[in-house]
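Residue numbers (the working numbering): 24 to 89.
All C-beta atoms in this analysis are idealised placements derived from N, C-alpha and C, irrespective of residue type, glycine included.
Every value quoted in this text rests on a predicted model; they were computed, and no experiment measured them.
Everything below concerns the one structure shown next.
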């Protein structure tokens, strides 16, 4: 694990490691989100899950396209 300060340093210094770590983080986030979506669908609670995710990330859940 890396500190936020070290990660910030990597980005500010233009170090490629910062970009690699960000990519790993983003991929892991999407994999975990997809796993949770699948589980919510299997348990027939996707709409509740969606509302929870929207609340956690401060998104507007009134968009009916999703």
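Fully enclosed alpha helix (DSSP H) runs of no fewer than 4 residues occupy 69-79 of the region 44-87, in order along the chain. Pairing residue 59 with residue 27, the inter-Cα distance amounts to about 26 Å. Here residue 41 carries a helix assignment [DSSP, helix/strand/coil].
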